[in-house]
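First the structure, in the form of structure tokens, and then the observations on it.
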Amino acid sequence: MPLLEVSNLTKYYGANLILEQISFQIDPGTKTGLIGPNGCGKTTLLNIIEGREDYDSGRITFQTGLQLGYLTQEPQFSEGLTVEGEMLAVFADLRALADQISAIEHAMGDLSPGAANADHDQLSALMDKYSNLRERFERQGGYEYRPRIRSVLNGLGLPKDFWDRQTSSLSGGEKTRLSLARLLLSEPDLLLLDEPTNYLDIQAVEWLEHFMKDYRGAVLAVSHDRYFLDRIAQGILEMEDHHITSYAGNYSSYLLQRQQLIQSWEKAYSLQQKEISRQEKMIRESRETEKAKKEAASRQKRLDLVQRLEKPPGEQDGIRLKFGAAHRSGKRVLEVENLTKAFDSRQILKTISFALHAGDKIALLGPNGSGKTTLLRILMGDLVADDGRVRWGHAVSTGYYSQEQPDLNLSGTPFEEILNTRGFDNLAARNHLALFQFKGDDVFKRVEDLSGGERRRLALAKLVLDKANFLILDEPTNHLDLRSIEALENALTAYEGTLLFVSHDRYFVNKVAQRLLLLSPEGHIAPFEGKYEDYQNWLAEQKEALAAAKKEAPVSSASQSQQKLRQLRRPKKVSQRTLEALASVEAEIASLEERRTEIAELLCTPEVYQDYLESQKLTDEDQEAVARLQQLYDQWSELTTEVEASNVSQSARNVSKSPDLDRQ
7 MPLLEVSNLT
17 KYYGANLILE
27 QISFQIDPGT
37 KTGLIGPNGC
47 GKTTLLNIIE
57 GREDYDSGRI
67 TFQTGLQLGY
77 LTQEPQFSEG
87 LTVEGEMLAV
97 FADLRALADQ
107 ISAIEHAMGD
117 LSPGAANADH
127 DQLSALMDKY
137 SNLRERFERQ
147 GGYEYRPRIR
157 SVLNGLGLPK
167 DFWDRQTSSL
177 SGGEKTRLSL
187 ARLLLSEPDL
197 LLLDEPTNYL
207 DIQAVEWLEH
217 FMKDYRGAVL
227 AVSHDRYFLD
237 RIAQGILEME
247 DHHITSYAGN
257 YSSYLLQRQQ
267 LIQSWEKAYS
277 LQQKEISRQE
287 KMIRESRETE
297 KAKKEAASRQ
307 KRLDLVQRLE
317 KPPGEQDGIR
327 LKFGAAHRSG
337 KRVLEVENLT
347 KAFDSRQILK
357 TISFALHAGD
367 KIALLGPNGS
377 GKTTLLRILM
387 GDLVADDGRV
397 RWGHAVSTGY
407 YSQEQPDLNL
417 SGTPFEEILN
427 TRGFDNLAAR
437 NHLALFQFKG
447 DDVFKRVEDL
457 SGGERRRLAL
467 AKLVLDKANF
477 LILDEPTNHL
487 DLRSIEALEN
497 ALTAYEGTLL
507 FVSHDRYFVN
517 KVAQRLLLLS
527 PEGHIAPFEG
537 KYEDYQNWLA
547 EQKEALAAAK
557 KEAPVSSASQ
567 SQQKLRQLRR
577 PKKVSQRTLE
587 ALASVEAEIA
597 SLEERRTEIA
607 ELLCTPEVYQ
617 DYLESQKLTD
627 EDQEAVARLQ
637 QLYDQWSELT
647 TEVEASNVSQ
657 SARNVSKSPD
667 LDRQ
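Here this note's numbering runs 6 ahead of the position in the sequence shown, where the first position is 1.
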């Protein structure tokens, strides 16, 4: 039996049709992605399923006893609780059970044999109850819930220094992550997730993907993250034109199936149009006789009864974006030297240096809080660095997309913003705005009344019209639907200028960026020559090789040397200097081998192997240790050979002096 079954659901907002007779089902344990253009009703559908909104007709059926969890884009928390307190509240029943167990322990102590008020029967009853409660506590995960809290909070980018903070002090993104953590720990039968990867950095998204693969419940997730949909989805629901279409498999499978569906649709539509044209021509050419008129009327009636196929959507529904540059820049576009920035006592950027050349397309990656936006703001002059230098090349003109959109006129309208940007006529301005989901009367809304997402889309719509030869973009895909993101990808791929951007959309990064700049949490920067997919492959190879090396590592040479040396009979004739040298070499070998073991363990941890800079640093240290160990092994071999030679010589002398036992 399905967990959820939606049948012929219809929803209006006033006279506006949102959903028309949509039907689908969610089975136990399945992971389903919900996609569609912005404004098509995805969030409305989740609200209806959760019971926050009503609907006009249709039926929604839940499995008996279904536990439903819903991640909204505007989470709410209890007043006065800390981050840790909010997580502990998820396990209120387990904590109450722990209190019962503790109370029984105290009571048993008071009734134990030898106590003044010992009561054997009462003690026996308490022990039985205690045993049952302990078994129940263990069965329900009582000994694991605190480690689970730590794991989920760390995985979603809320480390220990967040745990004592009041939830009211968190930013919007931090609240969303906390809400997601709370929901994951509660383990409902069906998770409804509205853009769960928003406000997560790449490491947190990858952690969430691994969590979702092992999650036993079902998931219905609205998402524009194509890698996420590829890795967790077993089915795709596409909403478009008030209807819903179901596809089996992940996002890549959906693309293939949709392409095949549209091709079949186009063929059927073309054949029908040809037949309609043929019939209409025959009707027009009918002779003016009574018989011909009757035949024409009969033919027209049959034609009127034909159910006309809708015209299939064109490629990208006509979306076409193009960035242009008024002039070319010089070969060297930007040089950053020893840039440093701190906020209060926290160092964000530490003497970072890099250069960009004309035509470079570079993604700036790093965990949340590592300084990506700070660096972009310094480059644009919105922040002043504490130290270091930024040098611009010849004839560089910049176009900047920030997440705050300070250049928008709050008292104006989207229509006026676009008209004033390039001097479009009315139709051209409306057509351009439509590419960014501003349609109908939306183009005449006041900017100050737009949502945060709408303002970001408007800022991006303006940027497309600039003629800058160097684009600096901070999370440009946020609040765009999939088809608009794909159009933006194509435009940036074809762009002939220079590009530096921040994005947590891995698919977008992989398609657009030619190489990467990696910011570490410690404020350092490192280049990676290659695309994001190359970087992921490198990380996987590092993890696999180091795990294999750790698993198959032989007994350390230091241990072997010490074992072998213990087997030697050290003769008195070996010089003290040789023995001291051997002991020194063995001690250094042991120290380096121990450090190599530590490095191998560190490189197998996600926080290190996903940090390219730290990973490279430890790898270099390991290679230096290998080189030094080779030198030490050679020295050790020479010294032990000297000891063994002396030992053999001494043994020979001892044999010559020993009595002949056969003669005794």
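Yeah, the Cβ is synthetic: ideal placement off N, Cα and C, and Gly gets one too.
- For P533, the enclosing beta strand (DSSP E) has its first and last residue at 531–534.
- Straight across, the Cα-Cα distance linking F217 with K468 is about 39 Å.
- Judged by DSSP in its simplified three-state form, M386 adopts coil rather than helix or strand.
- By the Cβ criterion, the segment 353–361 is not in contact with the segment 300–319, since fewer than three pairs of Cβ atoms, one from each stretch, lie closer than 8 Å.
- When secondary structure is reduced to three states using DSSP, D640 falls in the helix class.
- Listed in chain order, the alpha helix (DSSP H) elements of length 4 or more contained wholly in the segment 451–504 are 458–471, 488–500.
- With 16 or more other Cβ atoms inside 10 Å of its own Cβ, P202 counts as buried.
- Using a Cβ-Cβ distance cut-off of 8 Å, the segment 239–259 and the segment 277–285 are not in contact, since fewer than three pairs of beta carbons, one from each stretch, lie closer than that value.
- Non-local beta-carbon contacts of A519 in its own chain, meaning distances under 7 Å to residues more than five positions away in sequence, involve K367, I368, A369, K537, Y538 in chain order.
- By DSSP's assignment, L100 forms no beta bridge with any residue.
- Judged by pairs of C-beta atoms under 8 Å, the segment 189–199 touches the segment 71–91, as three or more such pairs exist.
- Between A631 and R602, the beta carbon gap of about 5 Å places them in contact (Cβ cut-off 8 Å).
- For D200, the enclosing beta strand (DSSP E) covers residues 196–200.
- Taking the C-beta atoms as reference points, V339 is found no nearer than 9 Å to I41.
- Spatial neighbours of A274 in its own chain (CB-CB distance under 8 Å, excluding positions within 5 residues in sequence) are listed in chain order as L315.
- For M7, the three-state secondary structure derived from DSSP is coil.
- Beyond the five residues adjoining it in sequence on each side, L425 comes within less than 6 Å, by CB distance, of A435 in the same chain, given in chain order.
- For the options N374, T295, G399, the alpha carbon positioned closest to that of R334 is the one of G399.
- Classified as buried, V449 has 16 or more neighbouring CB atoms from the shown chains inside 10 Å of its CB.
- Judged by DSSP secondary structure, K273 falls within the alpha helix (DSSP H) whose first and last residues are 257–290.
- Apart from the 5 residues on each side of it in sequence, Y501 sits with its Cβ closer than 6 Å to the Cβ of F329 in its chain, given in chain order.
- When the alpha-carbon of Q269 is set against those of I238, A239, P318, the nearest one is in P318.
- The beta carbon of W544 lies closer than 7 Å to none in the same chain, with the five residues before and after it left out.
- Counting the other Cβ atoms within 10 Å of the Cβ of Q266 gives fewer than 16, which makes it exposed.
- Within the same chain, Cβ atoms closer than 8 Å to the Cβ of T36 are found at A224, V225, Q240, G241, the five residues on either side in sequence being excluded.
- Measuring C-alpha to C-alpha distances from V158 to each of A21, F360, L214 identifies L214 as the nearest.
- G179: member of the alpha helix (DSSP H) spanning 178–192, first to last residue.
- When the beta-carbon positions are compared, E422 and F444 stay at least 9 Å from each other.
- Nearest Cα to L471 within the set Y406, A553, L100, Q548: Y406.
- Per DSSP, A369 lies in no alpha helix (DSSP H) segment; the continuous beta strand (DSSP E) that holds it begins and ends at 367–371.
- Excluding residues up to 5 positions away in sequence, I605, L608, L609, V614 lie with their Cβ nearer than 8 Å to the Cβ of L624 in the same chain.
- For Q209, the enclosing alpha helix (DSSP H) has its first and last residue at 208–220.
- When the beta-carbon positions are compared, L456 and P420 come within less than 9 Å of each other.
- Cα atoms of E644 and E586: separation of roughly 14 Å, rounded to the nearest angstrom.
- Fewer than three beta-carbon pairs drawn from the segment 39–53 and the segment 130–141 are found closer than 8 Å, and the two stretches are therefore not classed as touching.
- Taking the C-beta atoms as reference points, L206 is found nearer than 9 Å to G163.
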